[in-house]
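As structure tokens, the structure follows; a few thoughts come after it.
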Amino acid sequence: MTTTLPTPVSSADRVTTFADFAARADYSLLEQLQPDPRAQAPGLAMPSVRRQGLAPTLLRPLRSYLLGQGLAASVGLLALRLAVGVMMIHHGQDKLADPAGFAANYVVPLHLPFPMLMAKAAGYAEVLGSWLLIVGLLVPLGALALIGTMALAAHHHILTSGLNIYVPELVVLYLGGSVALLLLGPGRFSFDAGIVAGLDANGDTAVEDQPKVRPFQPQLLAGTSSKPM
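Numbering-wise, the sequence shown is residues 2 to 230 according to our numbering.
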């Protein structure tokens with residue numbers, strides 16, 4: 002009986018065979034398990050967009066609300082802000098000039114508590130809210146302030162004069178303009194839009210500035226020592 006011994010494999014063949022195996026191996030699982038050197042270093046903090054700016058989930062609706070309008074729509078919203086804001090300022094100034102008279106004529110018939118306090122609050126709300134609309138800063142808060150005072154004014158006119166369209170028409174116009182600004186936003190020509198645009202730019206820079214981890218490269222393993230074993 003003749004016994005055939007296997008042909009010995011040279012060291013060069015062993016290296017070539019191992020290199021071929023390494024080149025064809027699937028390292029996806031190993032790449033997932035590869036530790037992040039930034040996480041292991043105790044003094045090296047991992048940068049995050051959430052630390053450096055608004056979270057993307059919050060920045061996305063803000064960008065759509067403040068920067069989503071085109072040029073024509075932004076010009077129209079600017080005109081609406083100026084019209085409502087400039088015309089509403091003198092109403093607030095009149096209330097602050099004679100809070101007792103406003104309280105007696107408008108607040109007391111509505112049976113609201115603290116008439117003098119409510120009269121002064123309405124005057125300051127209209128003055129500050131109008132300025133916020135004019136400059137385009139915190140426009141939703143300014144619009145809400147005007148919506149509150151105009152809604153009470155419309156309720157007062159309906160109680161005292163009924164559904165006479167000629168009495169509450171000016172109040173309804175101010176109310177409608179304020180609601181439109183609250184829902185549509187201030188447009189691009191506002192401080193609110195500029196602030197969000199700056200935060201958006203800083204967020205994109207933060208993502209680009211994050212250090213990148215070099216991916217696992219299996220060819221380095223295939224090209225390891227070629228010395229004979």
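Where is the CB? At the ideal position from N, CA and C, for every residue including glycine. In this text, all values refer to a predicted model and were calculated from it rather than measured experimentally.
Roughly how many angstroms lie between the CA atoms of residue i and residue j, to the nearest whole one?
i	j	result
tyrosine 125	leucine 111	19 Å
valine 87	isoleucine 135	7 Å
leucine 143	leucine 67	One detail in the question is off: residue 143 reads as glycine in this sequence, not leucine. Distance between the alpha carbons of glycine 143 and leucine 67 is about 15 Å.
valine 173	methionine 151	7 Å
asparagine 165	leucine 200	48 Å
leucine 129	leucine 185	20 Å
proline 176	alanine 104	Here the sequence assigns leucine to residue 176, which means proline is not the residue at that position. Cα-Cα distance, rounded: 21 Å.
glycine 188	leucine 63	12 Å
lysine 121	valine 109	13 Å
tyrosine 167	alanine 123	23 Å
leucine 97	glycine 195	32 Å
serine 49	phenylalanine 192	Low local confidence applies: a pLDDT of 46 at serine 49 is under 50, so the model's placement there is unreliable, with the coordinate-based value given in what follows. If you take the alpha carbons of serine 49 and phenylalanine 192, they lie about 26 Å apart.
histidine 158	threonine 58	43 Å
leucine 153	serine 131	17 Å
phenylalanine 190	leucine 171	26 Å
glycine 137	alanine 74	15 Å
methionine 119	aspartate 95	14 Å
leucine 113	glycine 69	40 Å
methionine 89	leucine 83	10 Å
leucine 60	valine 76	23 Å
Less than 8 Å between the CB atoms is what I'm expecting for residue i and residue j, so what's the real figure, rounded?
i	j	result
alanine 181	leucine 81	7 Å
glutamate 127	glycine 93	3 Å
leucine 183	leucine 145	7 Å
proline 141	alanine 155	Going by Cβ atoms, the distance from proline 141 to alanine 155 rounds to 20 Å, so no, they are not a contact pair.
Given that a residue counts as buried once 16 or more other Cβ atoms are within 10 Å of its Cβ, and exposed if not, what is residue i?
i	result
methionine 117	exposed
isoleucine 148	buried
valine 85	buried
proline 216	Only weak support is given to the placement of proline 216: the predicted model assigns it a pLDDT of 48, under 50, and the value that follows is read from those uncertain coordinates. Classification for proline 216: exposed.
histidine 1	Residue coverage of the chain in this structure runs from 2 to 230, which leaves residue 1 outside it and unanswerable.
leucine 78	buried
phenylalanine 115	exposed
alanine 100	One point to set straight first is that residue 100 is proline, not alanine, in the sequence displayed. Proline 100 should be labelled buried.
tyrosine 107	buried
valine 197	buried
serine 162	exposed
glycine 71	exposed
leucine 133	buried
glycine 247	Past the boundaries of the shown model lies residue 247; the chain is included only from 2 to 230, so the question cannot be answered.
serine 65	exposed
Any beta strand (DSSP E) of 3 or more consecutive residues that is wholly inside the segment 102-160: none
Enumerate, from N- to C-terminal direction, the unbroken alpha helix (DSSP H) stretches of 4 or more residues contained entirely within the segment 160-204. 170-185
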